[in-house]
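Residue numbers (this note's numbering): 3 to 260. Beta carbons are placed, not taken as given, at the ideal position from N, Cα and C, and that holds for glycine. Remember, it's a predicted structure, so these values are computed and weren't measured experimentally.
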């Protein structure tokens, strides 16, 4: 029997609504590793936004920025930044429409404007503060993901004007901006190739719209009980919600835990 690997999303999957790691999840991942199953993270977050979680769980391989920055056992395996010229054009157009951005590289993030309510409310939902301001941060940094702050439907002109980018909504007032073609699924493909693990031995747990491709791609896709309905529809299995020992229950049902 070949080695198995499980990828975990963070928000709404590893972390509950209060952004806490349930004790049952910590214990489940400890036992999973003890059983010889490889454990990795697949998230839309930047690496600096989940370092504490990785250390708490002892995980050193991850797909971050929805696939744009992949690290295998502490070494960068893949990186695909946004095209700088296109970021500049998007920023100028968005500012004309009153839509600010946050730029993220692998180490930190900067906002294009100061003290904006949409930035405050969406960053607070992740337990982060409004980032410091640097409207030209993208000029000298590799930006792997930007956050565009606009309400649902308001991103339509950007989707038309920037085919090089992929826009994935994660909050009522915020949309991820990624390179077209990038996804968690692509990052996972690169990592399992490196490990030599067959797709049928790959599992993934997720709850959000940016997890759909990941759950569809892997051998067994698991949706959390608190997942978006569209996510549940593509999953092979739906476990309990994160705050009802969903990770523990799901791993037990899949017979990945003794």
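In the structure shown, residue 80 falls within a strand segment according to DSSP collapsed to helix, strand and coil. Inside the segment 4 to 46, DSSP marks whole alpha helix (DSSP H) runs of 4 or more residues at positions 25 to 36, from first to last along the chain. Around the beta-carbon of residue 158, fewer than 16 other beta-carbon atoms lie within 10 Å, marking it exposed.
When C-beta atoms of the segment 165 to 176 are compared with those of the segment 188 to 201, fewer than three pairs fall below 8 Å, so the two segments do not count as touching. With fewer than 16 other CB atoms across the displayed protein chains lying within 10 angstroms of its CB, residue 116 is exposed. The C-beta of residue 68 has 16 or more other C-beta atoms within 10 Å across all chains shown, which makes the residue buried. When the five nearest sequence neighbours on each side are left out, the beta carbons in the same chain lying within less than 8 Å of the beta carbon of residue 196 are those of 74, 79, in order along the chain.
In the structure shown, the three-state DSSP call for residue 210 is coil. Under the three-state reduction of DSSP output, residue 103 falls in the strand class.
In the DSSP assignment, residue 173 falls within the beta strand (DSSP E) that extends over 167 to 173. Annotation for residue 124: no beta strand (DSSP E) segment contains it, though the alpha helix (DSSP H) segment containing it runs 119 to 127.
Counting the other Cβ atoms within 10 Å of the Cβ of residue 133 gives 16 or more, which makes it buried.
For residue 147, the enclosing beta strand (DSSP E) has its first and last residue at 147 to 150.
Ranked by how close their Cα comes to the Cα of residue 141, the residues 41, 183, 107 have 107 in first place. Considering only 16, 211, 174, 52, the residue with the shortest C-alpha distance to residue 124 is 174. Distance from residue 30 to residue 249 at the Cβ level is roughly 5 Å; contact confirmed, criterion being Cβ atoms closer than 8 Å.
Taking a C-beta distance under 8 Å as the contact criterion, residue 11 and residue 208 qualify as a contact pair. The criterion of a C-beta distance shorter than 8 Å is satisfied by residue 203 and residue 221. A distance of 8 Å or more separates the beta carbons of residue 34 and residue 27. Where residue 58 is concerned, the enclosing alpha helix (DSSP H) starts and stops at 53 to 59.
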